[in-house]
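The listed protein sequences correspond, in order, to chains G and P.
Under my numbering, think of the first position of the first sequence as 660, with each following residue one higher.
Under my numbering, think of the first position of the second sequence as 47, with each following residue one higher.
Backbone N, C-alpha and C fix where the C-beta goes; we use that ideal spot for every residue, glycine too.
As the structure is a prediction and not an experimental result, all values here were calculated from the model.
Beneath this line is the structure, given in structure tokens, with notes to follow.
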Amino acid sequence: MGGFSKTITGRVVLRVDVVEKGLLFSLAEQVCEFVSPDPHEHADPLAAIVGIDIHAEFPDDPAMARLFPDAYPDDPEAALDFRRFTQRSLQEAKLAHARTVLQTLSKSGEKITLGTGDIPSWLGFLNDARLAIGTRIDITEDNHQELAELPEDDPRHGMFHVYDWLTYLQESLVQLLLP
Amino acid sequence: MSSQLDVALPETVIDLDRPWITLVWNDPINLMSYVTYVFMEYFKYDRAKAELLMMDVHEKGRAVVSNGTREEMERDVAAMHGYGLWATLKKDD
Numbered sequence: 660m661g662g663f664s665k666t667i668t669g670r671v672v673l674r675v676d677v678v679e680k681g682l683l684f685s686l687a688e689q690v691c692e693f694v695s696p697d698p699h700e701h702a703d704p705l706a707a708i709v710g711i712d713i714h715a716e717f718p719d720d721p722a723m724a725r726l727f728p729d730a731y732p733d734d735p736e737a738a739l740d741f742r743r744f745t746q747r748s749l750q751e752a753k754l755a756h757a758r759t760v761l762q763t764l765s766k767s768g769e770k771i772t773l774g775t776g777d778i779p780s781w782l783g784f785l786n787d788a789r790l791a792i793g794t795r796i797d798i799t800e801d802n803h804q805e806l807a808e809l810p811e812d813d814p815r816h817g818m819f820h821v822y823d824w825l826t827y828l829q830e831s832l833v834q835l836l837l838p
Numbered sequence: 047m048s049s050q051l052d053v054a055l056p057e058t059v060i061d062l063d064r065p066w067i068t069l070v071w072n073d074p075i076n077l078m079s080y081v082t083y084v085f086m087e088y089f090k091y092d093r094a095k096a097e098l099l100m101m102d103v104h105e106k107g108r109a110v111v112s113n114g115t116r117e118e119m120e121r122d123v124a125a126m127h128g129y130g131l132w133a134t135l136k137k138d139d
């Protein structure tokens, strides 16, 4: 297993085996589902076109709340207004990232080459997936070892190892992009 | 003798005409390298400044990453949320 690397010609490449590729595909599908705006929320199609969601509320789900945090922690009214004007566009941007990843994976074999335009989407997808999983397993600055040592029958065991792998992938991609 | 002047001042100097600030908060998931990358990519800060702000987020729990009008700060916060960073805005006091 290797992370992202750069070819001699400067292209960003990720080599994966069939299991890893399947895992990335499945994760991207899950992120799509997770961030997709609910199509039934909209009574006002014009508001939808301009990216306003008048029904947006603070999410009950902690992972959603992490992906779409309150912009005004001390002012619930302003926070809700901000959410109604921004959340739908943010959801659509994150959805577009995950869909780009699905497209890249569909047209690749075990060597995945990212076009320059695909890189922000891959980076965004890796981060969104880590935020969602990391929130689900209650990751903190101090409990990595504890999570790594969980017994295999603990549902967090597998999630932690996927999280850890995504961390490795994201770190390798960021290192290629930093000047 | 040590004086207050020896204390390192934060990089971001608040302009009185630009009274709103964007804060980025520490979290256990975002990578230090990624946060640095985002500050360089979005705010066009050089690496030294981006790393300084990232270390403030990491060690002090938060950093002021930009200041301006309320509308500008709402735009910055939405952009930070787009990158997955935990950002908020408030009137500077």
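(request) Can you tell me which of the three DSSP states Leu673/G falls into? (result) If DSSP states are grouped into helix, strand and coil, Leu673/G belongs with the strands.
(message) Please report whether the beta-carbon of Phe717/G lies at a distance below 8 Å from any beta-carbon of chain P.
(response) Not one chain P Cβ lies under 8 Å of Phe717/G.
(message) List, in chain order, every chain G residue whose beta-carbon is nearer than 8 Å to that of Thr134/P.
(response) Pro728, Asp729, Ala730, Tyr731, Pro732, listed in chain order.
(request) Taking only the alpha-carbon atoms, compute the straight-line gap between Arg758/G and Gln829/G and give it to the nearest angstrom. (result) A straight-line Cα-Cα distance of about 18 Å links Arg758/G and Gln829/G.
(message) Nearer than 7 Å: is that true of the beta carbon of Ala706/G relative to any heavy atom of the ligand SAM?
(response) Summarising the ligand content, the structure contains no ligands, and the ligand SAM is consequently not present.
(message) Taking only three categories from DSSP, how would you classify Asn902/G?
(response) Limits of chain G in this structure are 660 at one end and 838 at the other, which puts residue 902/G out of reach.
(message) Measuring straight from C-alpha to C-alpha, what distance separates Val694/G and Met723/G?
(response) Going from the Cα of Val694/G to the Cα of Met723/G covers about 8 Å.
(request) Kindly confirm or deny that the segment 65-84 of chain P and the segment 103-114 of chain P touch, where touching means at least three C-beta pairs closer than 8 Å. (result) The segment 65-84 of chain P is in contact with the segment 103-114 of chain P.
(request) Please report the residue range of the beta strand (DSSP E) in which Trp135/P lies. (result) The identity of residue 135/P in the sequence shown is Leu, whereas the question assumes Trp. Its beta strand (DSSP E) spans residues 133-137.
(request) Determine the contact status of Val671/G and Leu835/G, defining contact as a CB-CB distance below 8 Å. (result) The Cβ-Cβ distance between Val671/G and Leu835/G falls below 8 Å.
(message) Whole angstroms are fine: how far does the CA of Phe663/G sit from the CA of Phe744/G?
(response) Each residue's CA atom was taken as its position, placing Phe744/G and Phe663/G some 36 Å apart.
(request) Determine the direct distance from the alpha carbon of Asp812/G to that of Asp734/G, and round the result to whole angstroms. (result) When rounded, the distance between both Cα atoms is 43 Å.
(message) As a quick exercise: from Leu726/G, Thr763/G, Gln762/G, His714/G, pick the residue whose alpha carbon is nearest that of Leu739/G.
(response) Among Leu726/G, Thr763/G, Gln762/G, His714/G, the Cα nearest to that of Leu739/G belongs to His714/G.
(request) Measure the alpha-carbon distance for Met47/P versus Leu98/P and round it to whole angstroms. (result) Caution is warranted here: a pLDDT of 47 is assigned to Met47/P, below 50, making its placement in the model unreliable, and no coordinate value can be reported.
(request) Assign Gly42/P to one of three DSSP states: helix, strand, or coil. (result) This structure cannot speak to residue 42/P, because chain P is shown only from 47 to 139.
(message) If distances are taken between C-alpha atoms only, which option among Tyr83/P, Met126/P, Asn76/P comes closest to Gln746/G?
(response) The shortest Cα separation from Gln746/G among Tyr83/P, Met126/P, Asn76/P belongs to Met126/P.
(request) Check the Cβ of Glu830/G against every Cβ in chain A and list those closer than 7 Å, keeping chain order. (result) The displayed structure is made up of protein chains G and P, and chain A is not among them.
(message) Using only CA atoms, which one of Gly669/G, Asp697/G, Phe727/G lies nearest to Thr794/G?
(response) The candidate whose alpha carbon is nearest that of Thr794/G is Phe727/G.
(request) May I ask you to report which of helix, strand or coil DSSP gives Gly775/G? (result) Here the sequence assigns Thr to residue 775/G, which means Gly is not the residue at that position. Taken through DSSP and simplified to helix, strand or coil, Thr775/G comes out as helix.
(request) Could you check which residue in Asp138/P, Met100/P, Lys136/P, Lys137/P has the C-alpha nearest to that of Val81/P? (result) It is Met100/P.
(message) Checking 8 Å against the spacing of the C-beta atoms, do Ala124/P and Thr68/P come in under that value?
(response) No.
(request) Determine whether the Cβ of Glu120/P lies closer than 8 Å to any Cβ atom of chain G. (result) Under the Cβ distance rule, Glu120/P counts among the residues neighbouring chain G, one pair being separated by less than 8 Å.
(request) Buried or exposed for Lys137/P, please, with buried defined as at least 16 other CB atoms from any protein chain shown within 10 angstroms of its CB. (result) The residue in question, Lys137/P, is exposed, as its Cβ has fewer than 16 Cβ neighbours within 10 Å.
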